[in-house]
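Numbering (full-length UniProt numbering), first residue to last: 1 to 189.
We treat Cβ as the ideally placed atom computed from N, Cα and C, and that holds for glycine.
Computed from a prediction, not measured in an experiment: that's the story for all the values here.
Inspection log for the structure reproduced underneath, given as structure tokens.
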Amino acid sequence: MVYLENTLAFDDSRQPVPAKLERALDLVQHHSLGEHPVAIENNRLVLRFFKCRLSSQFTPADTAGDVTHVTTCASLPTGHAIPFSALQTLAMTEGGLLRLERLCHLAHVVNHFIASGNTGPLSLPLNARLANQGISSHDQRFLSVLEKLGIEPARLRVTLPAKLEPVIEAMLTEHYQRVGIPFTPNEPR
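Below you can see the structure in the form of structure tokens.
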């Protein structure tokens with residue numbers, strides 16, 4: 001499938017979820033993730049990064065159930081689960097952690113809004129190491145794909161680990177407000 005820049009939009013709500021998911025898969029692979037395999041299993045996107053399988057696990061982020069929090073589940077080719085933080089440590093190469101974060105966030109967004117048909121906000125965790133580096137290029141690419149998927153940034157909530165310093169929280173709060181994504185300083189408990 002060939003895509004022309006700024007011409008693909010996900011506004012055809014009459015399509016069944018699997019067809020929309022196929023289009024989302026093509027878009028995610030095309031836009032920035034061609035070097036890492038992305039596939040559909042059980043009507044959800046799953047990822048491969050350093051030969052590990054990555055999937056989305058959703059839980060309510062607040063007691064009212066209005067916001068959904070996502071966790072990345074990682075497993076080895078043998079099927080044994082590993083901590084996602086171990087994979088993040090392996091990805092600390094030049095740009096590797098950023099690619100891993102972008103890949104996971106896009107898959108989580110697709111799985112929440114397109115595959116599952118949820119309409120409520122999604123809380124995306126931001127890695128503390130990336131918060132310290134500043135991630136404006138990540139944001140622009142991420143926002144571009146969101147636009148093509150037809151998902152408004154205001155439907156997302158970016159959350160930070162509670163251990164981040166208040167100065168970083170203030171800096172990121174201002175940044176995310178500028179790009180239109182609501183920001184929550186601490187991870188949901």
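| Check | Outcome |
| --- | --- |
| Contacts around I151, its chain only, beta-carbon distance under 7 Å, and the 5 residues preceding and following it disregarded | V109, F113 |
| N-terminal and C-terminal residue of the beta strand (DSSP E) that S55 is part of | 52 to 60 |
| Local Cβ density within 10 Å of K51, reported as buried at 16 or more and exposed below that | exposed |
| Cβ-Cβ separation, T159 to T184 (assumed contact under 8 Å), whole Å | 5 Å |
| Contact set for F142: own chain, Cβ-Cβ below 8 Å, skip 5 residues either direction | R102, H105, L106 |
| Length at least 3, wholly inside the segment 63 to 114: the beta strand (DSSP E) runs in chain order | 68 to 75 |
| Among A91, I181, P182, T68, nearest to N111 - alpha-carbon criterion | T68 |
| Close beta carbons around P83, own chain, < 8 Å, minus the five adjacent residues each side | A74 |
| beta-carbon L156 near the ligand HEM non-hydrogen atom, thresh 8 Å | As far as ligands go, the structure on display features none, and thus does not contain the ligand HEM. |
| Reduced DSSP category for T173 - H, G, I as helix; E, B as strand; rest coil | helix |
| Opposing strand residues paired with V145 [DSSP bridges] | In the DSSP output, where bridge partners are listed per residue, V145 has none listed. |
| 6 Å Cβ shell around A81 - same chain, five flanking residues per side excluded | S75 |
| Coil, strand or helix - L21 by DSSP | helix |
| According to DSSP, residues forming a beta bridge with H119 | The residue asked about is misnamed: residue 119 is Thr in this sequence, not His. Bridge partners of T119: none, in fact. |
| Which listed residue (K148, F58, H36) has its alpha carbon closest to that of S123 | F58 |
| Buried versus exposed call for P18 [16 or more other C-beta atoms within 10 Å across all chains shown] | exposed |
| Sequence-distant residues of the same chain with beta carbon closer than 6 Å to P182, five excluded per side | R157 |
| Span separating the alpha-carbon of V145 from that of V28 | 7 Å |
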